[in-house]
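Protein chains in written order, with this note's numbering: chain G, 1 to 423; chain F, 1001 to 1366.
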């Protein structure tokens, strides 16, 4: 479009003003573009946004108590746990009526395992009472308070009722409190006792170890990427295959290989003894601790650092460093003042890739981590597949996601996400 | 022309296959030697009699609970019969994910007419659970450790004796089994273990005992780890499933021996997922009736050293199918091995496992 000296609206061939016609064409183009990316958009929405949304929801959802015991929850409204007295007969009668229905639908044990996460023992309490309730007649067997306590003295325990009351709302922050080592005590929220605190330690450890792994990947990957970018093509290709080969090997195989290498009766220890550096009694402990996890994970994640670095370094013209040197810069100054700043986008991309991948690592820490090298994802996996406490797993996952986003934001502020280049 | 012919022939084939009313049954198990023993002892003879049944294996038992829950929430359960441990079976039953069964209805009586409910006896610990095998968690030790000066461990408490038996140990990375052994070796009588473990002092006591060997322990989470660690000489004594130790000793001929003291019994068996459609349920029940009878359970012991869950199967246990060795002495249920056994209190663990697991992980991290 060139400027025109004509006055008045410019007309297109069909007589409509050019502006309108152009807008229409642009809109059509935009729609076509949208239609082209629609499959991807839908795919991302269905496979990413929806699951994450449902995970976020699971971490606060607690409808099971209200749905299984509607009458009891209503009756408990007027009961004040701070008086430290058991609820009265109406509450027990409501519970009997609710349980009668729940036993019929076989939902009482499910509720029991839900409440067992908060108060150990609730699971068998509900399982047992289900068998008793089956034999009761709601119309003739009242009063129920004594019957409940007779069936299992847990029903005469104040803490049972406090748990029921605390977890009767449809939404709870209980999972999140649990995930940061807090709990709902009799007098409000309080920190857990020392022997039950695990999650905060694990979160800090996960972030710290991910940082260390990222650092060691950078330290090892930078020179390799530089070599790759500066060697003649033929040698560089060979070297590239050496970088990619482990990348294509199964993660489990590589982790097991590190086990063979690092263990006390392993290859490295044997070689060190053979060379006379250590004695047979003082074999080094290099696995089942943090060291083993860092070594194995650095090895596994190294290609994720090298590849972005390489692709950025490949675009840095060698003439700049030559120019700096011809102007009198030493090797170090030429590298530090001219070459390094240009490679920062690659460092940014590699660092963020390695860091985010290592935060979610699970198999390798499980196999070589011992007690001090496990990550938060190992606990998430435990709650998903073993304890079935999906609410807590979701809360832990949400916190992890939030931590990553927070770090990403900080990273954007410090480095600037525009400076990141993947290729 | 040609293509049409192929298409017609293809759909005709599909039609005939459909009319033969072949039925696919998806069985879920653990893979490895255990699944192979089920394949040989139950599936092959069953399929020989019922050629219209097609058995598909899914090696997902280790995550069966989570997967079954996810399938149930999605409303599409594709499994027909799932092999799980009793602890998982109780969890699935509580969650309403497994079907409650009447054992005398789904399992055959013993050959002498004893009803299944009596034949399985005490092992019927959940309304949803049909027991198959009894296995045990016990210790294996290397019998060539020079530092032990010829002594061999005879009691589970030798595991806690690092002076007499120096070297690394491998233990399960969780509270199960370890808490029981720690309390026994701290002087708690066997019958009081779970009462003591139910108190805060009891838990502290168990951890204090475990503290005494904590720096000498390699923690395992998969059953294959201890056998490997023992074979490599990485540990000198370690706990695992007795069948794994059997294969290290009898099949791989490693210098490892069994320590049968204070072995902890655990159970494995079938559950039927809740909400199966009528036709599949019928097929599953037919297979189950066959696969859990006295002879089939005894046959399984030819391939793996786990004890059959039926009392009536015990006398029928013969020799290993390939190695030709007598299997009875390798069974956790053999009287010579079962002199000092611990029966796990499964309902107790179902209440306290998550709580103790959190405490255990906190203790590990210290």
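Note that CB positions come from ideal geometry on N, CA and C, so glycine has one too.
Task: Status (buried if at least 16 other CB within 10 Å, exposed otherwise) for residue 1267/F - done: Label assigned to residue 1267/F: buried.
Open item on the list: Please report the distance separating the alpha-carbon of residue 1097/F from that of residue 1065/F.
Closed with: About 9 Å.
Task: Through-space distance from residue 51/G to residue 41/G, alpha-carbon basis - done: Each residue's alpha carbon lies about 15 Å from the other.
Open item on the list: For residue 1319/F, tell me which candidate among 1211/F, 1339/F, 1181/F, 1298/F has the shortest Cα-Cα distance.
Closed with: 1298/F is the residue among 1211/F, 1339/F, 1181/F, 1298/F whose C-alpha sits nearest the C-alpha of residue 1319/F.
Open item on the list: Just verifying my parser: in three-state terms, what is the DSSP assignment at residue 1240/F?
Closed with: Residue 1240/F falls in the strand class under three-state DSSP.
TODO: Give me the Cβ distance between residue 203/G and residue 192/G, rounded to the nearest whole Å; I'm assuming they're in contact under 8 Å.
DONE: That pair is no contact at about 14 Å.
Task: Exposure of residue 292/G, with buried meaning 16 or more beta-carbon neighbours within 10 Å - done: Its Cβ being crowded by 16 or more others within 10 Å, residue 292/G is buried.
TODO: Given a cut-off of 8 Å, decide if residue 1170/F and residue 1084/F are closer than it, judged by their beta-carbon atoms.
DONE: In this structure, residue 1084/F sits away from residue 1170/F, with a CB-CB distance that is not shorter than 8 Å.
TODO: Go through the segment 1088-1165 of chain F residue by residue and report every complete run of the beta strand (DSSP E) that reaches 3 residues or more, in order.
DONE: If we require 3 residues or more, the beta strand (DSSP E) runs fully inside the segment 1088-1165 of chain F come out as 1130-1142.
- [ ] Take residue 142/G and list the residues in its own chain whose beta-carbon comes closer than 7 Å to its own, dropping the five residues that flank it on each side.
- [x] For residue 142/G, where only same-chain residues beyond five positions count, the Cβ hits under 7 Å are 93.
Task: 8 Å Cβ cutoff met for residue 1272/F and residue 1092/F - done: The beta carbons of residue 1272/F and residue 1092/F sit no closer together than 8 Å.
Task: Assigned exposure category for residue 1010/F - 16 Cβ within 10 Å defines buried - done: Per-residue confidence for residue 1010/F stands at a pLDDT of 49, beneath the threshold of 50, marking its modelled position as unreliable; the derived number appears in the next sentence. Exposed, since its Cβ has fewer than 16 Cβ neighbours within 10 Å.
- [ ] With DSSP collapsed to three states, give me the class of residue 1364/F.
- [x] DSSP places residue 1364/F within a helical segment (H, G or I) once states are collapsed to three.
Open item on the list: Cutting at 6 Å between CB atoms, please list the residues of its own chain near residue 89/G, excluding the five before and the five after it.
Closed with: Here residue 89/G has 143, 145 as same chain residues with Cβ atoms under 6 Å from its own Cβ, once five neighbours each way along the sequence are excluded.
Task: Proximity to residue 1304/F [Cα-Cα], best of 1145/F, 1285/F, 1326/F - done: Among 1145/F, 1285/F, 1326/F, the Cα nearest to that of residue 1304/F belongs to 1326/F.
- [ ] Could you work out which residues of chain G lie near residue 1350/F, taking near to mean beta carbons separated by less than 9 Å?
- [x] What residue 1350/F touches in chain G: 113, 116, 123, 124, 127.
Open item on the list: So, with DSSP's three-state summary, where would you put residue 190/G?
Closed with: DSSP places residue 190/G in strand when its eight states are reduced to three.
- [ ] Return the CA-CA distance between residue 1362/F and residue 139/G, expressed in angstroms with no decimal places.
- [x] Going by the C-alpha atoms only, they are around 49 Å apart.
Open item on the list: Taking contact to mean 3 or more Cβ pairs, one atom from each stretch, closer than 8 Å, check whether the segment 1157-1171 of chain F and the segment 1139-1148 of chain F are in contact.
Closed with: Contact holds: three or more Cβ-Cβ distances are below 8 Å.
Task: Three CB pairs or more closer than 8 Å across the segment 347-365 of chain G and the segment 216-231 of chain G - done: In short, these stretches touch, since the Cβ pair count reaches three.
Task: Cross-strand partners of residue 1268/F (DSSP beta bridge) - done: Under the DSSP definition of a beta bridge, residue 1268/F partners with 1085/F, 1133/F.
Task: Euclidean distance between Cα positions of residue 111/G and residue 79/G - done: Near 21 Å, if we compare the C-alpha coordinates of residue 79/G and residue 111/G.
- [ ] Mind listing the chain F neighbours of residue 366/G? Cutoff is C-beta to C-beta under 7 Å, in chain order.
- [x] The answer, in chain order, is 1221.
Open item on the list: Using beta carbons (cut-off 8 Å, strictly below), is residue 1359/F in contact with chain G?
Closed with: Output row for residue 1359/F: interface = yes.
Open item on the list: On a Cα-Cα basis, can you pick out the residue from 261/G, 340/G, 331/G that is closest to residue 226/G?
Closed with: The residue with the shortest Cα to Cα distance from residue 226/G is 340/G.
Open item on the list: Excluding the 5 residues flanking residue 1108/F on each side, which residues of the same chain have their C-beta closer than 6 Å to its C-beta?
Closed with: When the five nearest sequence neighbours on each side are left out, the beta carbons in the same chain lying within less than 6 Å of the beta carbon of residue 1108/F are those of 1289, 1293, in order along the chain.
Open item on the list: Less than 8 Å between CB atoms is the rule here; does residue 1/G satisfy it with respect to chain F?
Closed with: Reliability fails at residue 1/G, whose pLDDT of 46 lies under 50, so the model's placement of it is uncertain and the value that follows must be treated cautiously. No, residue 1/G lies away from the interface with chain F (no Cβ there is under 8 Å from its Cβ).
Task: Cutoff 8 Å: residue 1276/F Cβ touching any chain G Cβ - done: Cβ-Cβ to chain G under 8 Å: no for residue 1276/F.
Open item on the list: Taking 8 Å as the cut-off, does the segment 1165-1181 of chain F touch the segment 1212-1223 of chain F (at least 3 CB pairs, one atom from each stretch)?
Closed with: Contact between the segment 1212-1223 of chain F and the segment 1165-1181 of chain F is present: 3 or more CB-CB pairs across the two stretches fall below 8 Å.
- [ ] Per DSSP, which residues does residue 1372/F bridge with? Please list them.
- [x] No statement about residue 1372/F is possible, as the shown extent of chain F runs from 1001 to 1366 and does not include it.
Task: 8 Å Cβ cut-off: residues of chain G touching residue 1354/F - done: Per Cβ cutoff of 8 Å: 116, 117, 120, 387, 389.
Task: the segment 1056-1075 of chain F touching the segment 1105-1119 of chain F, judged by at least three CB pairs closer than 8 Å - done: With the cut-off at 8 Å, the segment 1056-1075 of chain F and the segment 1105-1119 of chain F do not touch.
- [ ] Can you tell me the Cβ-Cβ gap for residue 376/G and residue 206/G, rounded? I've got them flagged as a contact below 8 Å.
- [x] The C-beta distance from residue 376/G to residue 206/G rounds to 5 Å, short enough to meet the 8 Å contact threshold.
- [ ] Spell out whether any CB of chain G is found under 8 Å from the CB atom of residue 1182/F.
- [x] Taking Cβ atoms only, chain G never reaches closer than 8 Å to residue 1182/F, which makes this a no.
TODO: Would you list, in chain order, the members of the segment 1207-1240 of chain F that have their beta-carbon closer than 9 Å to a beta-carbon of chain G?
DONE: Under the 9 Å Cβ criterion, the segment 1207-1240 of chain F contributes 1207, 1214, 1217, 1218, 1219, 1221, 1222, 1225, 1228, 1229, 1232, 1233, 1234.
TODO: For residue 384/G, return the contacting residues in chain F, with the cut-off set at a CB-CB distance below 8 Å.
DONE: Within 8 Å Cβ-Cβ: 1066.
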